[in-house]
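Let me begin by presenting the structure, written as structure tokens, before commenting on it.
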Amino acid sequence: MILENYSLKQCNTFGMDVNAKHFAVFKSKRELGDLIRVAKDSHWEILILGGGSNVLFTQDFNGIVLQNKLQGIEVVKKENEWVWVKAAAGENWHQFVLYSIENNFAGIENLSLIPGCVGASPMQNIGAYGVEVKDVFEELEAIEIATGETKIFKGSDCNFGYRESVFKQELKNKFVITSVTLKLKNLNVTEHYHFKTTYGDIQTQLAEQQANELSLRAVSNAVIAIRQSKLPDPKDLGNAGSFFKNPVIEQVLFDKIKEQFPLIPSYPATENFVKVPAGWLIEQCGWKGKRVGNTGSHARQALVLVNYGNAKGSEVWQCAKDIQQSVLEKFGISISPEVNVY
Ligand code: EPU
């Protein structure tokens, strides 16, 4: 069923109250195929929405929004210590992580509590606490909008990078991801697994939990506790997680900036490049916890922009641009948004 002038307020975690000219939900690939045909015949622009946790709507959408509700998780193959799990794109990502933990399948426990759907995970190569989805990615299935054909993408076809993939670049809006298959370690048949606990506060958090033995559950709980302590719950305060990407800059430029700002933190990136936490840069510019009208930078994590209620997308976007300008003026570093702005 296609709805007209539908409010997207409940469909995006920023809570932006904009309308989609047309809106429909699809629960099967067949329904999706039918909707794509209607949209093409009517010359409507198509926007696929999963959990709506990485978008900022600044205006009404004039085409059709299709909400992905494809469901189902299945083990498709087991071999030696590995298991391949295929999840439909409309499954909630965190529920999928919980499924993997319950079944003793390892690899995505560090990605606990990331909002959004399975289908969005390869799109921007979600990552947290030292793990990215590309590390466990096997393949995905997607429908090409132009032809209606199903295509399989292996990891090498996806051009994964830091919060990047081919689906944010040259194939943007050209495919609808329908399922994702991950290759996980089956801890029911092996005990050899290297837990990733070196990132940030995980060790401290595990100690606090008095988790004497490492387990998928313990690591997941640690990640959940850290996220809950820093990141606002969209149910209480509209947001889309990190608004900006952490900039990757040349080592020589970094060294120069460090002369003036000796405390600037960094992580190694590719050769001759370093990654700088944008949250630190934004905080140094005095934005952390600063409120501008109905929006601003969050008090516990400067990288997150929030909606204090009734904020307009354009207001958040203006605040984002002001933050970008401050960082550019103070450090000569240009930071770019991680969220998709419409
Ligand atoms: N920092 C500050 N002030 C702040 C925030 C951060 O100084 O207000 C500095 C601190 O030096 C801190 C460092 O930044 O040690 C890193 O902070 P944090 O561990 O919170 O991570 P992040 O780099 O700010 C990234 C991801 C998050 C992910 C965390 C943990 C991006 C854009 N963001 O944030 O992902 O949860 O690492 O791995 O890469 C998201 O993408 O939506 C997201 C929440």
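Take 4 as the starting number for the sequence shown in the numbering used here and just add one per residue. Built from N, CA and C at the ideal position, the CB exists for glycine as well.
According to DSSP, what are the bridge partners of residue i?
{"i": "Ser182", "result": "Ala91 and Glu144"}
{"i": "Ile51", "result": "Leu69"}
{"i": "Arg220", "result": "DSSP output for Arg220 lists no bridge partner at all."}
{"i": "Thr193", "result": "Per DSSP, none; premise fails for Thr193."}
{"i": "Trp85", "result": "Glu82 and Lys188"}
{"i": "Tyr270", "result": "Lys278"}
{"i": "Thr298", "result": "Val295 and Asn310"}
{"i": "His25", "result": "Glu7 and Ile67"}
{"i": "Asn343", "result": "Val58"}
{"i": "Thr153", "result": "Ile146"}
{"i": "Val251", "result": "Lys278"}
{"i": "Cys120", "result": "Asn95"}
{"i": "Ser245", "result": "Val307"}
{"i": "Ala109", "result": "Lys188"}
{"i": "Glu167", "result": "Gly164"}
{"i": "Val134", "result": "Ala131"}
{"i": "Ile76", "result": "Ala90"}
Counting C-beta neighbours from all protein chains within 10 Å, is the total for residue i 16 or more, i.e. buried, or is it exposed?
{"i": "His301", "result": "buried"}
{"i": "Leu266", "result": "exposed"}
{"i": "Asn15", "result": "buried"}
{"i": "Glu332", "result": "exposed"}
{"i": "Pro118", "result": "buried"}
{"i": "Ser115", "result": "buried"}
{"i": "Asn313", "result": "exposed"}
{"i": "Glu216", "result": "exposed"}
{"i": "Val79", "result": "exposed"}
{"i": "Lys89", "result": "buried"}
{"i": "Val100", "result": "buried"}
{"i": "Tyr132", "result": "buried"}
{"i": "Asn249", "result": "buried"}
{"i": "Asn83", "result": "exposed"}
{"i": "Gln213", "result": "exposed"}
{"i": "Val1", "result": "For residue 1 there is no data in the structure shown, the boundaries of the chain being 4 and 345."}
{"i": "Ser317", "result": "exposed"}
{"i": "Phe108", "result": "buried"}
{"i": "Arg40", "result": "exposed"}
{"i": "Gly75", "result": "exposed"}
{"i": "Thr181", "result": "buried"}
{"i": "Ser45", "result": "exposed"}
Spatial neighbours of residue i within its chain, please: CB distance less than 7 Å, with the 5 preceding and 5 following residues excluded, ordered by chain position.
{"i": "Phe247", "result": "Ala281, Leu306, Ile338, Ser339, Pro340 and Glu341"}
{"i": "Lys291", "result": "Ile285, Ser300, Ala302 and Ala305"}
{"i": "Ser245", "result": "Leu306, Val307 and Glu341"}
{"i": "Phe163", "result": "Asn128 and Lys137"}
{"i": "Val309", "result": "Pro235, Leu240, Gly241, Asn242, Thr298, Gly299 and His301"}
{"i": "Lys81", "result": "Asn189"}
{"i": "Ile51", "result": "Leu69, Asn71 and Val179"}
{"i": "Ser269", "result": "Phe257, Val277, Lys278 and Val279"}
{"i": "Gly151", "result": "Gly36 and Ile39"}
Take residue i and list the residues in its own chain whose beta-carbon comes closer than 6 Å to its own, dropping the five residues that flank it on each side.
{"i": "Lys261", "result": "Ile267"}
{"i": "Phe178", "result": "Ala145 and Glu147"}
{"i": "Pro237", "result": "Thr16"}
{"i": "Val251", "result": "Ala272, Phe276 and Lys278"}
{"i": "Lys1", "result": "Absent from the model: residue 1. The displayed extent of the chain is 4 to 345, so no value can be given."}
{"i": "Tyr345", "result": "Phe60"}
{"i": "Ala42", "result": "Ile49 and Ile67"}
{"i": "Ala2", "result": "Here the chain covers residues 4 to 345 and nothing more, so residue 2 does not appear."}
{"i": "Ser232", "result": "none"}
{"i": "Arg294", "result": "none"}
{"i": "Glu77", "result": "Lys89"}
{"i": "Gln327", "result": "Ile338"}
Who are the Cβ neighbours of residue i in its own chain at under 8 Å, not counting the five residues just before and after it?
{"i": "Leu38", "result": "Ile5, Ala27, Phe29, Ile67 and Leu69"}
{"i": "Gly54", "result": "Thr16, Asn95, Trp96, Pro118, Gly119, Cys120 and Ala123"}
{"i": "Asn22", "result": "Asn8, Tyr9, Ser10, Leu11, Asp63 and Phe64"}
{"i": "Gly110", "result": "Ser103, Val134, Asp138, Val139, Leu185, Lys186, Leu187 and Lys188"}
{"i": "Lys315", "result": "Met19, Thr61 and Asn297"}
Assess, as a yes-or-no matter, whether the segment 197-205 is touched by the segment 140-158 under the definition of 3 or more beta carbon pairs within less than 8 Å. no
How about the segment 157-172 and the segment 190-197: do they share at least three Cβ pairs that are nearer than 8 Å? no
Does the segment 15-24 come within contact of the segment 47-59, defined as at least 3 CB pairs closer than 8 Å? yes
Between the segment 122-131 and the segment 165-174, do three or more beta carbon pairs fall short of 8 Å? yes
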